[in-house]
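K.L.:
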Amino acid sequence: RCQTAATFERKLERAATKAASFAELIFVDGPVELPLQHGERVNTRGWWAEGEPRAADTGAVREVLERAWAELGPFDGVLGFSEGASAALVCCALAKEARQCATVDCSVPAFHALRCAILAGAPLPPEGLPLPLGQASLHFASAADTVVPIADSRRCAAAFSHAEFIEHDGGHTAPQRAEDVRRLASFLEKQRDAIFPRSAGAGVIGAHEGEDPNVCEEQRDELEALSAMFSEEELYRALPAWPVRVAVRLNHGSDGFAALRFTLPPAYPQAAHCFCELDAQDLGLQAHERELLDAVEAAREPLGCPSVLAMV
Numbered sequence: 001r002c003q004t005a006a007t008f009e010r011k012l013e014r015a016a017t018k019a020a021s022f023a024e025l026i027f028v029d030g031p032v033e034l035p036l037q038h039g040e041r042v043n044t045r046g047w048w049a050e051g052e053p054r055a056a057d058t059g060a061v062r063e064v065l066e067r068a069w070a071e072l073g074p075f076d077g078v079l080g081f082s083e084g085a086s087a088a089l090v091c092c093a094l095a096k097e098a099r100q101c102a103t104v105d106c107s108v109p110a111f112h113a114l115r116c117a118i119l120a121g122a123p124l125p126p127e128g129l130p131l132p133l134g135q136a137s138l139h140f141a142s143a144a145d146t147v148v149p150i151a152d153s154r155r156c157a158a159a160f161s162h163a164e165f166i167e168h169d170g171g172h173t174a175p176q177r178a179e180d181v182r183r184l185a186s187f188l189e190k191q192r193d194a195i196f197p198r199s200a201g202a203g204v205i206g207a208h209e210g211e212d213p214n215v216c217e218e219q220r221d222e223l224e225a226l227s228a229m230f231s232e233e234e235l236y237r238a239l240p241a242w243p244v245r246v247a248v249r250l251n252h253g254s255d256g257f258a259a260l261r262f263t264l265p266p267a268y269p270q271a272a273h274c275f276c277e278l279d280a281q282d283l284g285l286q287a288h289e290r291e292l293l294d295a296v297e298a299a300r301e302p303l304g305c306p307s308v309l310a311m312v
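Quick note, in the working numbering, the sequence shown goes up one by one and the last residue is 312.
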């Protein structure tokens, strides 16, 4: 509360830099525009209006989260600070609701892919949450916090089945200390490795019987083409099956692991581009990451055409 997506991004700049090789952070404004305060030039934002009960079914909050998922996602995790942590819990609840949805045409977006949550200075959970929440979670809180009592943050952590709780002495703040930034980045890397294990032949790629019905025909066709081009040692497909995430292992003359990792958004390829990142242990490849990704991006096809085949 009382900040914007841009100001929160600046506060987490150190963490984003630390995790840049394996995580991309996207920042979203809350739905409530707050009045200008003395000395401010830009209206800050909040997630709930002043005096409004923080309920999990608040329409404006759900609308922002659903729009962000549809336009900017899919996402593997959610990160929130203070009131934003409450919004993050709503996101986790939507994931649980989506997993319980029995029909393909469920009105809840594909939040079922959400695997983890990072919360800092989190107040009591919003009313009406379907507890417990199943995401792996990392919590930062402080006994010196004069805004949110640490007892409330502990109760928030208790809403998760798999919670890690870190106490610091910095008061009401997002992770800033070097050790806290390291723990945050380590948590994100652990989640990434759970999605894309660093082992050859860890999974089989390609459309197959029982394919997730959300995977569109164009994506299925591209998966089949990739499976025909590469061996199982060179390709890996992460679970869950949707959204589609694949890794293509690179042969670069070094013993270190290196791969191009692709995420296919739900609207790919007709209305959205795939996302590509380089994952390399080799220091030589890391030093030339930007040039390598620029070369890969140069092969990207226009919207409407599959790009992974061209980019590998």
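We put the beta carbon where it would ideally sit given N, CA and C, even for glycine.
No experiment lies behind these values; they were computed from the predicted model shown.
What's the call for S137, buried or exposed, on a 16-neighbour Cβ count within 10 Å?
P.N.:
Classification for S137: buried.
K.L.:
Between A310 and A295, is the Cβ-Cβ spacing less than 8 Å?
P.N.:
Result no, Cβ atoms of A310 and A295 do not sit closer than 8 Å.
K.L.:
In angstroms, rounded to a whole number, what distance separates the CA positions of A5 and R41?
P.N.:
The alpha-carbon atoms of A5 and R41 are separated by roughly 15 Å.
K.L.:
Tell me the rounded alpha-carbon separation between L79 and L119.
P.N.:
Their backbone Cα atoms lie some 6 Å apart in a straight line.
K.L.:
Expressed to the nearest angstrom, what Euclidean distance is found between the alpha-carbon atoms of A202 and T146?
P.N.:
The predicted model places A202 with a pLDDT of 43, which falls under 50 and marks its position as unreliable; any figure quoted below should be read in that light. Cα to Cα, the separation comes out at about 48 Å.
K.L.:
Taking the alpha-carbon of T44 as reference, which of A19, A15, C2 has the nearest alpha-carbon?
P.N.:
The candidate whose alpha carbon is nearest that of T44 is C2.
K.L.:
Which of helix, strand or coil does DSSP assign to D212?
P.N.:
DSSP places D212 in coil when its eight states are reduced to three.
K.L.:
Buried or exposed, going by whether 16 or more other CB atoms sit within 10 Å of the CB of S161?
P.N.:
Its Cβ having fewer than 16 others within 10 Å, S161 is exposed.
K.L.:
Under 8 Å, do G84 and C116 count as touching if we go by C-beta distance?
P.N.:
Contact: no.
K.L.:
Using the C-alpha atoms, what's the distance from P53 back to P266?
P.N.:
Each residue's alpha carbon lies about 33 Å from the other.
K.L.:
Assuming V90 and L65 make a contact with CB atoms under 8 Å, what is their CB distance in whole Å?
P.N.:
Between L65 and V90 the Cβ distance is about 6 Å, and since that is below 8 Å, they are a contact.
K.L.:
If you drop the 5 nearest sequence neighbours on each side, which residues of the same chain put their C-beta closer than 6 Å to that of F262?
P.N.:
Counting only Cβ-Cβ distances below 6 Å, and skipping sequence neighbours, we find V246, C274, C276, V308.
K.L.:
Assuming L133 is part of the beta strand (DSSP E), what are its boundary residues?
P.N.:
Counting along the chain, the beta strand (DSSP E) containing L133 begins and ends at 133-142.
K.L.:
Compute the Euclidean distance between the alpha carbons of F165 and R177, then round it to the nearest angstrom.
P.N.:
Approximately 15 Å between the Cα atoms of the pair.
K.L.:
Excluding the 5 residues preceding and the 5 following E63 in the sequence, name in chain order all residues of the same chain whose CB lies nearer than 8 Å to its CB.
P.N.:
Excluding sequence neighbours, E63 sits near P31.
K.L.:
Would you call the region 9-19 and the region 281-288 touching, i.e. three or more CB-CB distances under 8 Å?
P.N.:
In short, these stretches do not touch, since the Cβ pair count stays below three.
K.L.:
In three-state DSSP terms, what is A113?
P.N.:
Looking at A113 - three-state DSSP - the assignment turns out to be helix.
K.L.:
Keeping to the same chain, check which residues put their C-beta closer than 7 Å to that of L36; ignore five residues upstream and five downstream.
P.N.:
For L36, where only same-chain residues beyond five positions count, the Cβ hits under 7 Å are N43.
K.L.:
What is the DSSP secondary structure of I166, counted as helix, strand or coil?
P.N.:
Note: I166 maps to strand in three-state DSSP.
K.L.:
I'd like the span of the alpha helix (DSSP H) that includes R10, first residue to last.
P.N.:
Segment 5-11, the alpha helix (DSSP H) holding R10.
K.L.:
With distance defined between alpha-carbon atoms, name the residue in L184, V248, E224 nearest to L235.
P.N.:
Here the closest residue by C-alpha is V248.
K.L.:
Looking at the strands, I want to know which residues DSSP matches up with Y236.
P.N.:
In the DSSP output, where bridge partners are listed per residue, Y236 has A247.
K.L.:
Under 8 Å, with one C-beta from each stretch per pair, do the region 184-197 and the region 19-27 reach the 3-pair mark?
P.N.:
A contact exists between the region 184-197 and the region 19-27.
K.L.:
Over what stretch of residues does the alpha helix (DSSP H) that includes E127 continue unbroken?
P.N.:
Element bounds for E127: n/a, residue is neither H nor E.
K.L.:
What is the DSSP secondary structure of A202, counted as helix, strand or coil?
P.N.:
With a pLDDT of 43 at A202, under the threshold of 50, the modelled position of that residue is not reliable, and no figure is offered here.
K.L.:
Evaluate K96 with the Cβ neighbour count: other Cβ atoms within 10 Å of its Cβ, from every protein chain shown; 16 or more gives buried, anything less gives exposed.
P.N.:
With 16 or more other Cβ atoms within 10 Å, it is buried.
K.L.:
Which value, in whole angstroms, describes the spacing of the CA atoms of E33 and E9?
P.N.:
When rounded, the distance between both Cα atoms is 18 Å.
K.L.:
Which residues mark the beginning and the end of the beta strand (DSSP E) in which G84 is found?
P.N.:
Element bounds for G84: not the beta strand (DSSP E) but the alpha helix (DSSP H), 83-100.
K.L.:
Please classify D169 as buried or exposed, where buried requires at least 16 neighbouring CB atoms within 10 angstroms.
P.N.:
Exposed, by the Cβ-count rule.
K.L.:
For G121, which residues from the same chain have a beta carbon less than 8 Å from its beta carbon, with the 5 sequence-adjacent residues on both sides left out?
P.N.:
The answer, listed in chain order, is F81, S82, A85, F140, A141, S142, D145, V147, V148, S153, H172, T173, A174.
K.L.:
At which residues does the alpha helix (DSSP H) containing L184 begin and terminate?
P.N.:
That run of the alpha helix (DSSP H) goes 178-195.
K.L.:
Hey, could you find the ends of the alpha helix (DSSP H) E358 is sitting in?
P.N.:
As displayed, the chain neither begins before 1 nor continues past 312, which places residue 358 out of reach and without an answer.
K.L.:
Considering only C-alpha positions, which residue in the set A113, F230, A68 is nearest to G134?
P.N.:
Closest by alpha carbon: A113.
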